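In the UniProt record's numbering, the protein residues as written are 1 to 365.
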């Protein structure tokens, strides 16, 4: 019995004693991230472009679809009006991905409609794509049962079966109505709403193909509405791809259960928190690199020294660097490597630890 066959579907419930502490921590991390990003002096459009690009590339990769990142980036830049020094040729498909991604996070106050969702799907599968895939863009699936299966053809393992076609229209309309109404429900935390959005829509599985990508698009819309801003600084799809195996496992487990979705919410918020943590680490590393280089007179350094310092500032040699590693990284002789490292210590760039063969050099914090 699938979750959508339960008598109380889709009245989800969860263990608040488990979820509330995780939710509070997620909210805290979200606030810290948004505060740090909005206070940065870097170009917000460039940051958003990188985030939207990651959303599209990684969300597609989850489904095994590989896109040309340069083409997608150029399509996104055109869509948000950002000039590129070296634009890459775009395609109808990459333009379509850019259009729906920007629509999902930019038009926060536009009500969700079936027409809007079908348009997103149509842009995922433009005319001419059918030669590679039989999915019909902009159409709900047909009468054939929608199942996720694996194993032998004569002995398939059914991991999930979506609602039958005769009730699909009602299911989709019910979801859309809830999505629009729940935006104004003060009793429902917006991050909980995003997690429910993801599970609910992927369970309905209304299309022959592209369900995961549309689901994550709706999740991005819900998260943007939760933050009440369209500027995006993180991509949850990156975290989902990194945990793809557990992603499919928790979906299967939840869809085979009842309407208590506590395990799904725990998984969702853990991945979201991991996404926040990764971006916060990148911000801290960028700030450290900026401040470090600001106090260093690079005109007094050899180009090899600058090269290695930049690699260390970007996260390479996290345990410090020794003479042999410097020799290989800078492509200089070992005596020159020793001299360069000694100079960097004297100039306050590196600090020396250990002795003999255990000698290592670390960035000055």
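C-beta: ideal position from N, C-alpha, C; glycine also.
Treat the numbers as computed from the prediction; the structure is a model and nothing was measured.
Rounded straight-line distance, which links the Cα of residue j to that of residue i
| i | j | result |
| --- | --- | --- |
| residue 253 | residue 9 | 16 Å |
| residue 194 | residue 79 | 25 Å |
| residue 315 | residue 84 | 27 Å |
| residue 170 | residue 117 | 15 Å |
| residue 32 | residue 230 | 17 Å |
| residue 284 | residue 356 | 33 Å |
| residue 291 | residue 74 | 31 Å |
| residue 337 | residue 289 | 22 Å |
Whether residue i touches residue j by CB criterion (8 Å)
| i | j | result |
| --- | --- | --- |
| residue 232 | residue 105 | yes |
| residue 19 | residue 262 | yes |
| residue 120 | residue 223 | no |
| residue 125 | residue 212 | no |
| residue 203 | residue 179 | no |
| residue 347 | residue 300 | yes |
| residue 61 | residue 241 | yes |
| residue 175 | residue 200 | yes |
| residue 341 | residue 323 | yes |
Counted within 10 angstroms of its Cβ, other Cβ atoms place residue i as buried (16 or more) or exposed
| i | result |
| --- | --- |
| residue 162 | buried |
| residue 149 | exposed |
| residue 16 | exposed |
| residue 147 | exposed |
| residue 333 | exposed |
| residue 45 | exposed |
Close-in-space but distant-in-sequence residues of the same chain around residue i (CB under 6 Å, 5 per side omitted)
| i | result |
| --- | --- |
| residue 190 | 226 |
| residue 330 | 304 and 308 |
| residue 56 | 72, 97 and 101 |
| residue 122 | 137 and 138 |
According to DSSP, residues forming a beta bridge with residue i
| i | result |
| --- | --- |
| residue 362 | 351 |
| residue 145 | Residue 145 pairs with nothing; no bridge assigned. |
| residue 105 | Its beta-bridge partners do not exist; DSSP assigns none. |
| residue 157 | 150 |
| residue 260 | 13 |
| residue 321 | 361 |
Close Cβ partners of residue i (< 7 Å) along its chain, the five nearest in sequence each way excluded
| i | result |
| --- | --- |
| residue 81 | none |
| residue 251 | 202 |
8 Å Cβ shell around residue i - same chain, five flanking residues per side excluded
| i | result |
| --- | --- |
| residue 353 | 320, 359, 360, 361 and 362 |
| residue 239 | 271, 272, 274, 275 and 278 |
| residue 313 | 285, 288, 289, 292, 293 and 363 |
beta-carbon residue i near the ligand ATP non-hydrogen atom, thresh 7 Å
| i | result |
| --- | --- |
| residue 217 | Within the structure as shown, the ligand ATP is missing, as the structure has no ligands at all. |
Residue-chain proximity (residue i, chain D), Cβ-Cβ < 8 Å
| i | result |
| --- | --- |
| residue 245 | Of the protein chains in this structure there is only one, and it is not chain D. |
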